[in-house]
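Residue numbers (the UniProt record's numbering), protein chains in the order written: chain F, 1 to 240; chain W, 1 to 240.
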């Protein structure tokens with residue numbers, strides 16, 4: 001009897017997921033685009049003090065010309081980008097940590113749709129996906145945070161599992177689209193060596209207040225179109 | 001002596017304006033685009049209760065299909081979109097009120113650059129321009145407002161001097177562009193019969209928190225590229 005109840009539960013979950021896929025596809029009508037349903041990663045504690053401490057010589061994030069600061073991925077220290085996780089390790093093992101400890105799947109492709117579910121959960125909460133394209137791993141982090149009580153904000157930022165100089169070789173675009181409204185943010189990814197918090201403080205991310213998030217969300221789900229491209233300017237400079 | 005001092009002051013002002021024009025042109029490189037330097041309109045009092053009261057039958061702003069609600073511009077009541085102004089009058093005389101009382105110039109062209117100066121002034125403060133294109137008058141209102149003390153936000157919205165059904169025939173785009181970051185908001189203008197406040201509450205405008213505004217501003221000035229187009233979908237429906 002228990003077995004049949006569990007089977008029925010699994011079928012219901014599948015129908016729910018299928019419905020969420022359908023909703024996301026309805027928002028982003030371009031055929032063949034990968035839709036990724038992302039459930040929230042609940043946080044219990046503020047982790048803003050977890051930034052890597054071994055990077056005092058890192059150029060500031062607002063300085064965006066192509067640089068050639070040399071980092072050794074086996075030696076450079078890095079922290080988990082999730083708000084609640086205290087993990088610290090070397091750059092080359094961040095992706096293993098995310099996939100093994102947080103069971104994050106790695107998607108393939110430079111253009112995907114990120115469908116964050118349960119937007120109405122109380123802050124702080126993170127949504128995260130990893131995707132692999134253009135020879136690198138990228139992370140999209142969406143964070144709901146309350147700077148002022150009763151006024152949650154959403155911050156979406158793209159991070160490269162790599163150094164700031166490598167991040168400078170790419171551009172990314174995040175797009176919200178609903179009811180004849182479109183909000184687009186285009187920028188250069190930040191390195192995972194930077195804190196997510198520093199991007200939020202600098203305003204260097206897509207920021208949505210509660211009303212804007214509500215306007216673009218559909219039944220508590222927020223679909224964000226993502227596209228990553230190579231920054232031709234930096235690639236040319238590197239070749240020269 | 002006083003005359004020469006005043007002349008010198010005027011020359012300095014001209015040099016300052018010329019420098020602001022140069023800065024805006026540097027940001028928006030498309031040749032021949034009109035740059036409009038917009039000084040703030042200081043406000044002394046909250047005017048959120050000034051919404052037109054004779055419009056209970058107006059469809060909500062989130063309902064965006066082409067409608068044919070009939071308004072008589074000589075009878076429909078409307079309030080000044082400026083935060084500090086208590087004026088109320090009929091729809092057909094709003095533009096006269098703005099040009100005569102607030103000395104707002106009417107610019108020509110569907111694509112212009114709005115250069116808001118003195119972004120660091122304390123809230124509340126409005127910047128406004130009127131422009132004429134596609135057979136109508138439009139207003140761009142940029143409002144700096146503090147919902148939470150010490151946390152000012154900027155809200156930019158486009159309004160049509162016309163009815164909600166007329167506003168539905170157009171789309172507009174606002175674009176901020178600086179240091180390899182671009183933020184774009186595309187939407188349908190709201191009717192000037194709606195309150196600016198209602199657009200802010202609904203999240204139906206470009207919202208910038210202080211950090212994002214700082215990221216895109218240059219020496220206290222914020223350049224916003226504006227483009228207005230006809231909504232072909234509604235035009236087609238009207239023709240059919």
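Note that CB positions come from ideal geometry on N, CA and C, so glycine has one too. Quick caveat: nothing in here was measured; it's all calculated off a predicted structure.
Cβ neighbours of residue i in the same chain (closer than 7 Å, five flanking residues each side left out)
i, result
"residue 147(F)", "153"
"residue 251(W)", "Residue numbering for chain W in the displayed model covers 1 to 240; residue 251(W) lies beyond these limits and cannot be assessed."
"residue 217(F)", "119"
"residue 149(F)", "none"
Residue j beta carbon less than 8 Å from that of residue i
i, j, result
"residue 181(F)", "residue 140(F)", "no"
"residue 128(F)", "residue 41(F)", "yes"
"residue 151(F)", "residue 210(F)", "yes"
"residue 185(W)", "residue 208(F)", "no"
"residue 166(W)", "residue 160(W)", "yes"
"residue 83(F)", "residue 124(F)", "yes"
"residue 157(F)", "residue 191(F)", "no"
"residue 222(F)", "residue 213(F)", "yes"
"residue 38(W)", "residue 114(W)", "yes"
"residue 193(F)", "residue 224(F)", "no"
Boundaries (first-last residue) of the alpha helix (DSSP H) holding residue i
i, result
"residue 115(W)", "Here residue 115(W) belongs to no alpha helix (DSSP H); instead the beta strand (DSSP E) covers 111 to 116."
"residue 96(W)", "94 to 101"
"residue 214(W)", "210 to 216"
"residue 200(F)", "196 to 202"
"residue 166(W)", "164 to 167"
Within-8 Å CB hit, residue i to chain W
i, result
"residue 147(F)", "yes"
"residue 229(F)", "no"
"residue 93(F)", "no"
"residue 181(F)", "yes"
"residue 222(F)", "no"
"residue 125(F)", "no"
"residue 191(F)", "no"
"residue 251(F)", "Residue coverage of chain F in this structure runs from 1 to 240, which leaves residue 251(F) outside it and unanswerable."
"residue 232(F)", "no"
"residue 141(F)", "no"
"residue 274(F)", "In the structure displayed, chain F extends from 1 to 240; residue 274(F) sits before or after that span and is not available."
"residue 113(F)", "no"
Interface flag, residue i vs chain F, CB-CB below 8 Å
i, result
"residue 203(W)", "yes"
"residue 215(W)", "yes"
"residue 163(W)", "no"
"residue 196(W)", "no"
"residue 38(W)", "no"
"residue 188(W)", "yes"
"residue 184(W)", "yes"
Cβ shell of residue i (< 8 Å), same chain only, five flanking positions each side left out
i, result
"residue 220(F)", "117, 118, 119 and 120"
"residue 188(F)", "64, 167, 168, 170, 171, 172 and 231"
"residue 99(F)", "105, 106 and 130"
"residue 97(W)", "80, 87 and 89"
"residue 23(F)", "In this prediction, residue 23(F) has a pLDDT of 47, which is less than 50 and means its spatial position is unreliable; nothing more can be read from the coordinates."
Listed by chain order, chain A residues near residue i by CB distance under 8 Å
i, result
"residue 209(W)", "Among the protein chains in the structure shown, which are F and W, there is no chain A."
Delimiting residues of the beta strand (DSSP E) encompassing residue i
i, result
"residue 35(W)", "34 to 38"
"residue 130(F)", "125 to 133"
"residue 185(F)", "181 to 187"
"residue 149(F)", "First-last for residue 149(F): undefined, no H or E at that position."
"residue 86(F)", "Looking at the DSSP string, residue 86(F) is not in any beta strand (DSSP E), and its letter there is neither H nor E."
"residue 226(F)", "222 to 230"
Spatial neighbours of residue i in its chain, beta-carbon cut-off 6 Å, leaving aside the 5 residues before and after
i, result
"residue 107(F)", "36 and 131"
"residue 95(W)", "137 and 161"
"residue 143(W)", "126 and 155"
"residue 178(F)", "216"
"residue 56(F)", "Low local confidence applies: a pLDDT of 36 at residue 56(F) is under 50, so the model's placement there is unreliable, with the coordinate-based value given in what follows. Excluding positions up to five away in sequence, the list is empty."
"residue 34(W)", "109 and 112"
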